[in-house]
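Engineer: Chains as they are written, first to last, in this note's numbering: chain A, 218 to 601; chain B, 90 to 225.
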């Protein structure tokens, strides 16, 4: 790595998560990719990095890069699919970042695309089980929801919380999502709604679970700003891993891959977590959002539900968490999830509606595969 | 019919683990691993087979209602983490009609059970599950 070039997000776009039965992977990808490219003023892109987790299981489609690039008329542009489970987007972003930073390309596109609604939920659970150690977890019926439930139970008992205390996460996320036109869930909910929702894996309920959606998002990265007004610069990237088999963990209340990735990103950006104004965390299950914040050092271990209920992580505070409504509200488009967080953060830093009151300058985006398998953390800064 | 794509060799090669809960012990430092691995934390690559004990303690559990396709007829599944002689293993807790009677710290034993059937005409997959020693 030569570390000679700055990396800027010059444009982004998002397809609202939902049940897009009339669109396939190609159409969803093209919609977000072409819009981002137009927003950037159509710079040529040297390569496309495509994040996707489940195309083989859900669409019987491999070689996603070439398949998608051809559809948007870029047959000769290298298009590389990155698979890292539901953390694919962060990893794809890292690859794109490296290519620009090392001077190989001037501009590249990173797209996340996933279609979750092509199968029934019971088939989807089977695909989701591939983000466990399948031979020793998925084989016996274990799913990411079951692992998250175990972590939630451990967290509640360790820090003496009732389920009612934990329900603050979905309540807050829906509140934020209700103001976000790009959210899938745009309805405020009450504590009672959460408490009355069905149990997915005790104590985890339906409202603790980000709803599976179809979706696509794209960011265009370049080695210089393409416009003269405010732009977003990538100041730090980090990645961490922590093995697969959950049984081997001595505790489930700290996400070590997230902690490592955060430290790496902060070190690279030569800054501290205290300077961060906005955070987007990967809350596929509410407990994962809580653990991510604590593992990143945004909140102290055991403190998050209390801090949330006191409004300390709301817009207008020292640091705003998931101003977008998180994946809980935006929806969970598998390997494209991180792209939803990245595009949301880009909008938050740029002050794009509805995020025009945040006034955030430094943002952290955390993406993760399964339960603490591989995580990425990206530090973005608004520069003039 | 259940929706499975598990081939015979893929299942067969894990029989020492699925049938006997066989982990590995590092020849150099004595650490035990389940599932088996190729390199120990101490750096050694030499291991001997180490069958885990058949009785242990329940550490934590959850009752899973939203299950993968092949477990539809068995739901809900009770998924637990069990300590077997200092090694933690994840698996199903069975023979417990009332999971609310489970609690961390209770004794469980390893039992050999059918896990699932493979495809329309396929093999039956067996493996370990855990049963509370006292009824629940």
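The C-beta atom is built at its ideal place from N, Cα and C for all residues, glycine as well.
Treat the numbers as computed from the prediction; the structure is a model and nothing was measured.
(1) Where DSSP assigns a beta bridge to residue 205 (chain B), which residues make up the other side?
(2) Identify the contact partners of residue 360 (chain A) in chain B, using a Cβ-Cβ distance below 8 Å as the criterion.
(3) Is residue 369 (chain A) buried or exposed, if buried means 16 or more other CB atoms sit within 10 Å of its CB?
(4) Taking beta-carbon pairs under 7 Å, can you tell me which members of the region 381-397 of chain A lie near chain C?
(5) Is the CB of residue 206 (chain B) under 9 Å away from at least one CB in chain A?
(6) So which residues of chain A does residue 202 (chain B) contact, with C-beta pairs closer than 9 Å?
(7) Helix, strand or coil: how does DSSP classify residue 338 (chain A) here?
(8) Chain A beta carbons: is any one of them nearer than 9 Å to that of residue 218 (chain B)?
(9) Using a Cβ cut-off of 8 Å, which residues of the region 113-135 of chain B contact any Cβ in chain A, in chain order?
(10) Taking Cβ-Cβ distances shorter than 8 Å, what residues in chain B pair up with residue 367 (chain A)?
(11) Given a limit of 7 Å on CB to CB distance, which residues of the region 463-474 of chain A reach chain B?
(12) Quick check: is the beta carbon of residue 370 (chain A) nearer than 9 Å to any beta carbon in chain B?
(13) Assess, as a yes-or-no matter, whether the region 345-364 of chain A is touched by the region 235-251 of chain A under the definition of 3 or more beta carbon pairs within less than 8 Å.
(14) Could you have a look at residue 218 (chain A) and say whether DSSP puts it in helix, strand or coil?
(15) By the three-class DSSP mapping on this structure, what secondary structure does residue 108 (chain B) have?
(16) Within the same chain, show all residues whose beta-carbon is closer than 6 Å to that of residue 468 (chain A), passing over the 5 residues directly before and after it, in chain order.
(17) Within the region 270-326 of chain A, note down every full beta strand (DSSP E) run reaching 3 residues or more, in order along the chain.
(18) By the 7 Å beta-carbon criterion, what residues does the region 399-418 of chain A contribute toward chain B?
(19) Spatial neighbours of residue 582 (chain A) within its chain, please: CB distance less than 6 Å, with the 5 preceding and 5 following residues excluded, ordered by chain position.
(20) Can you tell me whether residue 599 (chain A) is helix, strand or coil according to DSSP?
(21) Alpha carbon to alpha carbon, how far is residue 571 (chain A) from residue 546 (chain A)?
(22) When you compare the region 167-183 of chain B with the region 351-362 of chain A, are there three or more beta-carbon pairs, one atom per stretch, that lie closer than 8 Å?
(23) Looking only at C-alpha atoms, which of A:317, A:318, A:241 sits nearest to residue 334 (chain A)?
(24) When you compare the CB positions of residue 147 (chain B) and residue 194 (chain B), do they come within less than 9 Å of one another, or not?
(25) Reducing DSSP to helix, strand and coil, say where residue 120 (chain B) ends up.
(26) Go ahead and pull the three-state DSSP assignment for residue 132 (chain B).
(27) Could you check what DSSP says for residue 172 (chain B) in three-state terms: helix, strand or coil?
(28) Rounded to the nearest angstrom, what separates residue 243 (chain A) and residue 440 (chain A) at their Cα positions?
(29) Where residue 175 (chain B) and residue 102 (chain B) are concerned, what is the direct C-alpha to C-alpha distance, given to the nearest angstrom?
(30) Going by alpha carbons, who is nearest to residue 302 (chain A) out of A:555, A:421, A:289?
(31) Taking 8 Å as the cut-off, does the region 295-310 of chain A touch the region 411-421 of chain A (at least 3 CB pairs, one atom from each stretch)?
(32) Counting only beta-carbon separations shorter than 9 Å, does residue 109 (chain B) have a partner in chain A?
(33) Give me, in chain order, the residues of the same chain whose beta-carbon lies closer than 8 Å to that of residue 475 (chain A); leave out the 5 immediate sequence neighbours on both sides.
(34) Report the three-state DSSP secondary structure of residue 433 (chain A) (helix, strand or coil).
(35) Does residue 443 (chain A) come out as helix, strand or coil in the three-state DSSP assignment?
(36) In chain A, which residues lie less than 9 Å from residue 161 (chain B) when you measure between Cβ atoms?
Structural biologist: Quick answer:
(1) Translated into positions along the second chain, residue 205 (chain B) becomes position 116. Paired residue(s): B:214.
(2) The residue labelled residue 360 (chain A) in the question sits at position 143 within the first chain. Ordered by position in chain B, the residues that pass the 8 Å Cβ test against residue 360 (chain A) are 153, 155, 156, 157.
(3) For the purposes of this step, residue 369 (chain A) is taken as the residue at position 152 of the first chain. Burial call: buried.
(4) Protein chains A and B are contained in the structure displayed, whereas chain C is not.
(5) Position 117 of the second chain holds residue 206 (chain B). Answer no: the Cβ-Cβ gap between residue 206 (chain B) and chain A never drops below 9 Å.
(6) Your numbering for residue 202 (chain B) matches position 113 in the second chain. Residues of chain A passing the Cβ test: none, with the nearest at roughly 10 Å.
(7) Stepping through the first chain from its first residue, residue 338 (chain A) is reached at position 121. In the structure shown, residue 338 (chain A) sits in a helix (DSSP, three-state: H, G or I).
(8) As a first step, residue 218 (chain B) is located in the second chain; it is residue number 129 there, counting from the start. At least one chain A Cβ lies under 9 Å of residue 218 (chain B).
(9) 122, 123, 124
(10) Walking along the first chain from the start, residue 367 (chain A) turns up at place 150. Near residue 367 (chain A) (Cβ distances below 8 Å), the residues of chain B are 149, 150, 151, 168, 170.
(11) Near chain B, meaning a CB-to-CB distance below 7 Å, the residues of the region 463-474 of chain A are 463, 464, 465.
(12) Along the first chain, one-based indexing puts residue 370 (chain A) at 153. It does: the Cβ of residue 370 (chain A) has a partner Cβ on chain B nearer than 9 Å.
(13) Result no; under three Cβ-Cβ pairs closer than 8 Å.
(14) Your numbering for residue 218 (chain A) matches position 1 in the first chain. Any answer about residue 218 (chain A) is weak, because its pLDDT of 42 lies below 50 and its placement is not dependable; what the coordinates show is given next. In the structure shown, residue 218 (chain A) sits in coil (DSSP, three-state: anything other than H, G, I, E or B).
(15) Position 19 of the second chain, counting from 1, holds the residue named residue 108 (chain B). If DSSP states are grouped into helix, strand and coil, residue 108 (chain B) belongs with the helices.
(16) Locating residue 468 (chain A) in the first chain gives position 251, counting from the first residue. Result list for residue 468 (chain A): empty, nothing under 6 Å.
(17) Those beta strand (DSSP E) runs which fall completely within the region 270-326 of chain A and span 3+ residues are 296-299.
(18) In summary, the residues of the region 399-418 of chain A whose CB is separated from some CB of chain B by less than 7 Å are 416, 417, 418, in the order they occur in the chain.
(19) Looking up residue 582 (chain A) in the first chain gives position 365. Once the five neighbours on either side are set aside, the close Cβ partners of residue 582 (chain A) are 497, 558, 559, 562, 595.
(20) As a working note, residue 599 (chain A) is residue 382 in the first chain. Residue state, collapsed to three classes: strand.
(21) As a first step, residue 571 (chain A) must be located in the first chain, where it is residue number 354. As a first step, residue 546 (chain A) must be located in the first chain, where it is residue number 329. Straight-line Cα distance between these residues: approximately 15 Å.
(22) Segments in contact, yes.
(23) Residue 334 (chain A) sits at position 117 when you count from the first residue of the first chain. Measuring from the Cα of residue 334 (chain A), the nearest candidate turns out to be A:241.
(24) Here residue 147 (chain B) refers to the residue found at position 58 of the second chain. Here residue 194 (chain B) refers to the residue found at position 105 of the second chain. Here residue 147 (chain B) is near residue 194 (chain B), since their CB atoms are less than 9 Å apart.
(25) Position 31 of the second chain, counting from 1, holds the residue named residue 120 (chain B). Residue state, collapsed to three classes: coil.
(26) Locating residue 132 (chain B) in the second chain gives position 43, counting from the first residue. Three-state result, residue 132 (chain B): coil.
(27) Along the second chain, read from residue 1 onward, the residue named residue 172 (chain B) stands at position 83. Looking at residue 172 (chain B) - three-state DSSP - the assignment turns out to be strand.
(28) One-based indexing of the first chain puts residue 243 (chain A) at position 26. One-based indexing of the first chain puts residue 440 (chain A) at position 223. A straight line joining the alpha-carbon of residue 243 (chain A) with that of residue 440 (chain A) spans about 28 Å.
(29) Within the second chain, residue 175 (chain B) is the residue found at index 86, counting from 1. Within the second chain, residue 102 (chain B) is the residue found at index 13, counting from 1. If you take the alpha carbons of residue 175 (chain B) and residue 102 (chain B), they lie about 25 Å apart.
(30) As a working note, residue 302 (chain A) is residue 85 in the first chain. Here the closest residue by C-alpha is A:555.
(31) no
(32) Stepping through the second chain from its first residue, residue 109 (chain B) is reached at position 20. Answer no: the Cβ-Cβ gap between residue 109 (chain B) and chain A never drops below 9 Å.
(33) For the purposes of this step, residue 475 (chain A) is identified with residue 258 of the first chain, where counting begins at 1. Excluding sequence neighbours, residue 475 (chain A) sits near 457, 508, 509, 512, 513, 583, 585, 589, 592, 594.
(34) The residue you call residue 433 (chain A) lines up with position 216 of the first chain. Taken through DSSP and simplified to helix, strand or coil, residue 433 (chain A) comes out as strand.
(35) Looking up residue 443 (chain A) in the first chain gives position 226. In the structure shown, residue 443 (chain A) sits in coil (DSSP, three-state: anything other than H, G, I, E or B).
(36) Position 72 of the second chain, counted from the first residue, corresponds to residue 161 (chain B). In chain order, 339 make up the part of chain A whose C-beta sits under 9 Å from the C-beta of residue 161 (chain B).
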